[in-house]
Structure formats: C-alpha cells, structure tokens
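Report on the structure given below.
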Amino acid sequence: MTLSPELIALAQYMAGDFDNREQALADPAWYVHLRFWQRPLPVSLFDEPSIALFAEQANILELDKPYRPRIVQLRHVKTLPGLIEAQYYMFKDIEAVKGSARDRDLLFKLTRDQIELLPGCTLSVAVQNLASNRYRFRASLPEGSRCGFTYGGQNFQVDLGFEAAAEEFLSYDKGISPTTGKAIWGALMGPFRYVKRQDFASEILG
Numbered sequence: 001m002t003l004s005p006e007l008i009a010l011a012q013y014m015a016g017d018f019d020n021r022e023q024a025l026a027d028p029a030w031y032v033h034l035r036f037w038q039r040p041l042p043v044s045l046f047d048e049p050s051i052a053l054f055a056e057q058a059n060i061l062e063l064d065k066p067y068r069p070r071i072v073q074l075r076h077v078k079t080l081p082g083l084i085e086a087q088y089y090m091f092k093d094i095e096a097v098k099g100s101a102r103d104r105d106l107l108f109k110l111t112r113d114q115i116e117l118l119p120g121c122t123l124s125v126a127v128q129n130l131a132s133n134r135y136r137f138r139a140s141l142p143e144g145s146r147c148g149f150t151y152g153g154q155n156f157q158v159d160l161g162f163e164a165a166a167e168e169f170l171s172y173d174k175g176i177s178p179t180t181g182k183a184i185w186g187a188l189m190g191p192f193r194y195v196k197r198q199d200f201a202s203e204i205l206g
C-alpha cells in the first residue's frame, strides 16, 4: 500500500521543533513555556507502510530534562485504507531514550524491541481540505476508547488528541486520574498551541 498525499502532509506538518512561547507569555498561569519535538525516525521499525515520529517535550528552563518520550506511527486503517490513524507506542525504558529528539544519532539506534504497542491509544484522524495541497488535521480517540498503560509499577491513563496544520500544532493531551476519571495535568484549559520553529520534514524516510 502506498501512503496517501494526506498522510504524507500530516507527517510533514508534525515533523519539527515547536514551542508555545506566545501562549505561555499571554497566559502563564495555565500554560508553561514548553519546547516540543516531533522527529521522524531514521530507521523503519514497522513492517506496514507508515511514517513514525519520535516525540518528547521539555520545560524551556530545563531543556536537559525532557519527558514523555513516545512514538507516533501514522498509518492507514487496515479495513478502511482511505482513512488515517495515529498509533502510539511507549518505551520500555524511558530513561534510555530521553533526549533523542535533540541527538538524532540516538534515533538511529532504536530497535523494535525497545517499544511497546499501546492498544487503546489509537487516534482517528479527520482531514479538512483547506486549499490545493493544504490541509488541517484533527486526531482524537474514538468514543469509548481508554488509553492506559503501566510503567514502573504504576497505572496511567491519558486522553490524547491533536490538531495539525502547516505552521502550528495543537496538543489536547491530558493526564487522567485512574481513580476519579478527572483530568489532572496537560491541556486543562484548552490545547497547548505550538508554533513550528524548525522543520524536520526533510528527515522523513522516503
């Protein structure tokens, strides 16, 4: 299966070095100034046609302490190949890969056995055509889905979602309390609005 122009455009929009400087300055009480990376993997970890990105973020004041490393695999839905989905994977050893977004050599060393599929963490991607070869994408968990995982003996639950356009990326990710079901961190007052500062689209595997 060949990848659609829409899926390739989504990967190009997502691939970059972002921050939310303007948002953090305008509303510092609710939005920490973050640096956010989504870097195309230089190695192929999956048998199926797809584009995968390594993502992580850091407080602008602590760039040497990135967190939430994960892989986002963009692929076509097997049963409905005209549709796009974003599948998330976690790392079995988070500490071993932290900082890989800023050190691309580390990404070349990634192997399939370092990551673990998160079955409930598959986002459906809606495509909006804006003009010729320009799009806006909205990804969200299907109704009734629960994105949860266990790491270090602790149970975690997250509500994932994003919007992607040519120059900005909106993150709706929120951490959910497994006991109360309420959001406890992340985009509590609306999405984090990231602006692309450096483009990594040229790094996408052909």
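Mind the numbering: the sequence shown is residues 1 to 206 in my numbering, read in order.
Every residue gets a Cβ at the ideal spot worked out from N, C-alpha and C, and that includes glycine.
Sub-8 Å separation of residue i and residue j beta-carbons
{"i": "Lys92", "j": "Gln114", "result": "yes"}
{"i": "Gly148", "j": "Leu123", "result": "no"}
{"i": "Tyr151", "j": "Leu117", "result": "no"}
{"i": "Ala271", "j": "Lys196", "result": "Since the first and last residues shown for the chain are 1 and 206, residue 271 lies out of range."}
{"i": "Pro42", "j": "Ala15", "result": "no"}
{"i": "Phe192", "j": "Gln23", "result": "yes"}
Beta-bridge partners of residue i, as assigned by DSSP
{"i": "Lys174", "result": "Asp159 and Gly186"}
{"i": "Leu118", "result": "Partner(s): none; Leu118 has no beta bridge."}
{"i": "Ile94", "result": "None; Ile94 has no bridge partner."}
{"i": "Asp105", "result": "According to DSSP, which records beta bridges pairwise, Asp105 is partnered with nothing at all."}
CA nearest to the CA of residue i, picked from the options
{"i": "Asp64", "options": "Val77, Gly99, Leu53 and Gly181", "result": "Gly99"}
{"i": "Lys109", "options": "Val97, Gln12 and Gly120", "result": "Val97"}
{"i": "Thr179", "options": "Gln157, Arg193 and Met189", "result": "Gln157"}
{"i": "Ser171", "options": "Ile51, Ala55, Leu130 and Leu45", "result": "Ala55"}
{"i": "Pro119", "options": "Ile94, Thr111, Arg35 and Glu85", "result": "Glu85"}
{"i": "Gly144", "options": "Asp47, Asp159 and Ser132", "result": "Asp159"}
{"i": "Gln12", "options": "Ile176, Pro66 and Ser50", "result": "Ser50"}
{"i": "Val77", "options": "Asn20, Ala101 and Ser4", "result": "Ser4"}
{"i": "Thr111", "options": "Glu6, Leu45 and Arg21", "result": "Leu45"}
{"i": "Gln198", "options": "Trp37, Gln128, Leu7 and Ala26", "result": "Trp37"}
{"i": "Leu80", "options": "Val125, Ala166 and Leu25", "result": "Val125"}
{"i": "Arg21", "options": "Tyr67, Tyr194 and Ile176", "result": "Tyr194"}
Residue-level contact to chain C via CB, residue i, 8 Å cutoff
{"i": "Trp30", "result": "Going by chain labels, chain C is absent from the structure shown, which holds only one protein chain."}
Residue i Cβ short of 7 Å to the ligand PLP heavy atom set
{"i": "Asp199", "result": "This structure simply doesn't include the ligand PLP, nor any ligand for that matter."}
Open item on the list: Count Cβ pairs between the segment 131-150 and the segment 102-110 that sit closer than 8 Å; are there 3 or more?
Closed with: no
Open item on the list: With three or more beta-carbon pairs closer than 8 Å as the criterion, would you say the segment 24-32 touches the segment 68-78?
Closed with: no
Open item on the list: What ranges does the beta strand (DSSP E) occupy inside the segment 47-71, keeping only unbroken runs of at least 3 residues that lie completely in it?
Closed with: 51-59
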